[in-house]
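Beneath this line is the structure, given in structure tokens, with notes to follow.
There are 2 protein chains.
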Amino acid sequence: MLNSLAALLLFLLLLLSGLQAAEGVWPLPQRVSSSAEPVPLNPQDFSFDYARHSAAQQGCSVLDSAFNRYFALIFPEYTSANAALSSSEATTFRLEVSVTRDDCESYPAADSSEGYRLSVSEGKASLNAETVWGALRGLETFSQLVYEDEFGKFFLNKTEIEDFPRFQYRGMLLDTSRHYLPVQALLKTLDAMAYSKLNVFHWHIVDDPSFPYQCSTFPDLSNKGAFHPMTHIYTQLDVSRVISHARLRGIRVLPEFDSPGHTRSWGRGRSDLLTPCYSGAIPSGTFGPVNPASPSTFHFMARLYKEVSSVFPDSYIHLGGDEVDFTCWKSNPDVRAFMKKMGFGRDFTKLESFYMESIVNITAALNKTPIVWQDVFDYHERVSTPQQMMPVDSLSVVEVWKEGCYLCEVRRVTKAGLRVILASPWYLDQPGPTHDWARYYTVRPLDFKGTEEQKKLVIGGEVCMWGEYVDATNLSPRLWPRASAAAERLWSDEKLTSSVERAAPRLQEFRCKLLRRGIQAEPLYIGHCRHEYQGV
Amino acid sequence: MLNSLAALLLFLLLLLSGLQAAEGVWPLPQRVSSSAEPVPLNPQDFSFDYARHSAAQQGCSVLDSAFNRYFALIFPEYTSANAALSSSEATTFRLEVSVTRDDCESYPAADSSEGYRLSVSEGKASLNAETVWGALRGLETFSQLVYEDEFGKFFLNKTEIEDFPRFQYRGMLLDTSRHYLPVQALLKTLDAMAYSKLNVFHWHIVDDPSFPYQCSTFPDLSNKGAFHPMTHIYTQLDVSRVISHARLRGIRVLPEFDSPGHTRSWGRGRSDLLTPCYSGAIPSGTFGPVNPASPSTFHFMARLYKEVSSVFPDSYIHLGGDEVDFTCWKSNPDVRAFMKKMGFGRDFTKLESFYMESIVNITAALNKTPIVWQDVFDYHERVSTPQQMMPVDSLSVVEVWKEGCYLCEVRRVTKAGLRVILASPWYLDQPGPTHDWARYYTVRPLDFKGTEEQKKLVIGGEVCMWGEYVDATNLSPRLWPRASAAAERLWSDEKLTSSVERAAPRLQEFRCKLLRRGIQAEPLYIGHCRHEYQGV
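So the protein sequences, as listed, match chains C and R.
Residues in the first sequence are numbered consecutively from 1, following my numbering.
Residues in the second sequence are numbered consecutively from 537, following my numbering.
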């Protein structure tokens, strides 16, 4: 029996859960004001609509599909069939979406605006953004505002949100060479990235152990370099599915074809590519990094990168350049002769710089902006003698990945006028207790001595999930929700999100939302979610 | 074109893969001799049969269902419908199973024989065991002998195996209190346990955070003590499903209702059970361990354990007894008065011993053999003064769990004539790199100074998966294949399995088998399996 005391308690409870719901958006929006007043939502009486003045209208692929997706995410018990039915004129709650640019069929880009304004009032919400990508971020936020009471009724609170990302680049690296990740696992990870507003899938697609990219120009690369030429590859269709799935979620796909090191698997399908190592005067039968002394190398690379540049629409490309072991180069007489010819003396960092410079030029000619691992910057820095043979400014974006004083490196790179992506503090592949999420959360990417200009050069960061110990069996629980901790650091205002204590219950709640959406996200500590992952 | 060289190569390849297949049984059987000669298997011409002289015949629940299960495991592409069809008289390969005892409707017990003999020849295999439980182990071994070539054809090698477990008790602890594990996750774990020949599911079912066991006698325990009274409980039906699923796989279910500590959740549904803590002269409002000073405690425990004893058929029961904090007992005037009355002085270990003694007596009267954590032995050891008020020999089985010199403890416990289950080196709940499996593999449970009699008292060991950071999202990859490393240690001959290097490729292969069977087992290192987990 609902007497007045019980009604009061219920009201207080709603107030409380309402407040929780408003605070429950992860990553935290830049500006939120919300009342404790719950607005009811009825899945049978709810619709997403394009505002009349919106530049995008029905038929906009990005938003049409997002409306379907988010309907199912907001009302998990209802099918999308119901969703279609509900789009009648008489709906009692409408979310009107408006964008100022019709970029529906484009790809998200490095400089795409992701800001949005969201206003929820009685029976109506409006979402305004410059781009469809901003609208996607706003839809995610809207979906997280909705909560369900004990009786299965849906509510959200009157809320005003103005939001935009702190950093433009919020990435996640997956390594599909050390273990093959089935396309389904990639797509599912893209879904979860969108829930945390991550916006770059850095696809470390090939490396020493295997070459799963099915290259049209050089089919032998995967025929001979993949773990299996039929089952452990990414066909052109697979790649385009991944890119399209990512696009619809506002996620860029950044391909990395790492060289000259980390290329052992390339050599299996391309016999003249790698440097033959020598044992004294005779070849030892083993191979080292890509051979920078052979003109055929650059001919091959030009054709490979031409294909890659056309398959991957993003205007950035990751060229790798990390961890090059000079031992094999040193042993090879052709390489030594080339060093001499080029006047490099015995400084192999000059050879590495020369090689990377050539690759940078190849990709620049293809209108791509190159990203390299910090090693390349470090070598360039060393070889930038007064004569400036290889100027640092041929580089554009440097990814800082090494441990130790990574902010010292960020400072040096930005001082050289280059942009930085920070990865060092976000290596998630090493298993660690889930409760170490605070380690990823408390990173301060701009906490170095530098000018305002330097700070602006830090374009973002990314979590790295290397594949030595990771495949589809443990990828999701190892990524989530720890990657979400990094995601809030990269999106939200640092001042508003400096407390681990305040973040903990919010992250716990967000993790339950991930479970509800079928993402196998680990628990942070003892406790439960209303809808547990079923483990099957 | 298959020229003679290619044919020779194929033959050599088959030889090689045949050898791998024979060595590929995990855990390694006690005695194997196998030829390199492959015998073909055709799923449409294969049947499991009861030998004429077998004590069990068609209608034997354990073996009938095992035949269905293993057909699907051996031939993953074929449905069980095909299996039924294939049981014709004209089959070209028959596995004849024979047991000497008709224990088809019983439960596996602590002293059940699990030995078996398996003989594979052309067109026929025979499996002989004393019990159906031994036959189950033999079926698992048989299923692991079968391998598939590149063209989808099945083979196994002529093989003779004589096998039996080194230790009788090979357990796995799951904690369903710190996180609730859905029944599906428990059943799936039981499946995987059987693949590694583990035979005891130690169900740490309740603890401080929640009481998910729906108790018929005291329904408030889960109504008020579970995370949620409807969705986060194990009903009587759930429990009997788990027990039945385990039985069909030769796995005992050992329930643990841990007290007097670790009982916070019990107090929510049973207000007079826990000790009220005092702050000076007044109750502080918090509660400590079960109140040993109140007669109602033992009345309650007697009724609870009576129900538990009838619900769980195993003749053993785990009584817990670990990590009792005396602070609250010390603060409570009633407890102090009781101490005085009992002549315990100020030694609270005597109170703990008294409490455990009482619980042991309760369960002994119910014909159950009690298992306790080592803390209880340690207390008893301390209080066993010349007058022998609480003799150690009221105890039966002690589970050693603490870090440090755990073999010292094993030595002390066995010296006192008690049986030991070793858990210390097999705590798998703390996340660690998968490649640390060797740590679990290289344990030497009998490597302590002691008599032959003492060694015999070590009845086995178990892997423990505590629930602080583990639920259904990460249970499987954290368990497998690391738990399999421990499983081989507990089943196989130590001399034959002393090399980590030789075990590594076998474990890698076994892990691929687990994937093929749908178990989300982590990778050990870079590489691939023919059938990857799809991550969905």
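Beta carbons: idealized from backbone N, C-alpha and C, even for Gly.
Please read these numbers as outputs of a predicted model, since none were measured by experiment.
Would you say Arg800 (chain R) reaches chain C, if we count a Cβ-Cβ gap shorter than 8 Å as a contact?
-> no
Smallest Cα separation from Ser112 (chain C): which of C:Ser394, C:Phe164, C:Trp203 and C:Arg346?
-> C:Phe164
Reference Leu663 (chain R), options R:Val682, R:Gln680 and R:Leu631, closest by Cα = R:Leu631
Glu1024 (chain R) classed as buried or exposed, judged by whether at least 16 other C-beta atoms fall within 10 angstroms = buried
Report yes if the CB atom of Thr811 (chain R) is closer than 8 Å to the CB atom of Phe793 (chain R), and no otherwise.
-> no
If you draw a straight line from the alpha carbon of Arg419 (chain C) to that of Gly996 (chain R), how long is it in whole angstroms?
-> 59 Å
In chain order, what residues of the same chain lie with their CB nearer than 6 Å to the CB of His798 (chain R), ignoring the 5 residues before and after it?
-> Asp743 and Asp744
Residue ranges of each beta strand (DSSP E) within the segment 97-137 of chain C, 3 or longer = 116-121 and 124-129
Just mark Cys408 (chain C) as buried or exposed, buried being the case when its beta carbon has 16 or more other beta carbons within 10 Å.
-> exposed
Would Phe747 (chain R) pass as a contact of Trp669 (chain R) if the rule is Cβ separation under 8 Å?
-> no
Start and end residues, beta strand (DSSP E) containing Gly997 (chain R) = Val994 to Met1001
C-beta contact flag for Val413 (chain C) and Pro425 (chain C) at 8 Å | no
Buried or exposed: Met766 (chain R), going by 16 or more other Cβ atoms within 10 Å of its Cβ?
-> exposed
Who are Glu696 (chain R)'s beta bridge partners in DSSP?
-> R:Ser569 and R:Ser655
DSSP state of Trp26 (chain C), grouped into three classes?
-> coil
List the residues of chain R that Tyr195 (chain C) touches, going by C-beta distances under 9 Å, in chain order.
-> In chain order: nothing, as chain R lies at least about 15 Å away.
Express the C-alpha separation of Phe836 (chain R) and Gly1063 (chain R) in angstroms, rounding to a whole number.
-> 55 Å
Report the rounded CA-to-CA distance for Pro1017 (chain R) versus Ala1057 (chain R), giving the unit in angstroms.
-> 6 Å
Indicate whether at least one CB of chain C lies closer than 8 Å to the CB of Gln1070 (chain R).
-> yes
Using DSSP bridges, identify the partner residues of Pro812 (chain R).
-> R:Phe823
Assign Gly417 (chain C) to one of two classes, buried (16 or more other C-beta atoms within 10 Å of its C-beta) or exposed (fewer than that).
-> exposed
In chain order, what residues of the same chain lie with their CB nearer than 7 Å to the CB of Phe218 (chain C), ignoring the 5 residues before and after it?
-> Gly269, Arg270 and Leu304
Using only alpha-carbon positions, find the residue among R:Arg777, R:Val1006 and R:Leu964 that is nearest to Arg714 (chain R).
-> R:Val1006
Mind pulling the chain R residues with CB within less than 7 Å of Ser178 (chain C)?
-> According to the sequence provided, residue 178 (chain C) is Arg. The question's Ser does not apply to it. The contacting residues are Ile1062.
What residues in its chain sit with their C-beta under 7 Å from that of Arg637 (chain R), if we drop five residues either side in the sequence?
-> Ala591, Glu666 and Thr667
Return the residues of the segment 463-487 of chain C that lie within a Cβ-Cβ distance of less than 9 Å from chain R, sorted by chain order.
-> Gly467, Glu468, Tyr469, Val470, Asp471, Ala472, Thr473, Asn474, Leu475, Ser476, Pro477, Arg478 and Trp480
For the segment 205-232 of chain C, which residues have a CB atom closer than 8 Å to at least one CB atom of chain R, in sequence order?
-> Pro209, Ser210, Phe227, His228, Thr231 and His232
Using a cut-off of 8 Å between C-beta atoms, extract the partners of Gln1056 (chain R) located in chain C.
-> Thr473 and Asn474
Alpha carbon of Ser585 (chain R) to alpha carbon of Arg247 (chain C), nearest angstrom | It is worth fixing the name first, because residue 585 (chain R) is Asp in this sequence and not Ser. The straight-line gap from Cα to Cα measures roughly 56 Å.
Give a yes or no on whether the C-beta atoms belonging to Leu1060 (chain R) and Leu1043 (chain R) are separated by under 8 Å.
-> yes
Assigned exposure category for Asp808 (chain R) - 16 Cβ within 10 Å defines buried | exposed
Tyr406 (chain C) to Leu351 (chain C) span [Cα, whole Å] | 25 Å
Determine the chain C residues that contact Pro1041 (chain R) at a beta-carbon separation under 7 Å, and present them in chain order.
-> Going along chain C, no residue has its Cβ under 7 Å from Pro1041 (chain R), so there is no contact; the nearest lies around 16 Å.
What number of angstroms, rounded off, separates the C-alpha of Leu599 (chain R) from the C-alpha of Glu989 (chain R)?
-> 36 Å
Buried versus exposed, by CB contacts within 10 Å (16 or more), Glu532 (chain C) | buried
Buried or exposed for Ser570 (chain R), please, with buried defined as at least 16 other CB atoms from any protein chain shown within 10 angstroms of its CB.
-> buried
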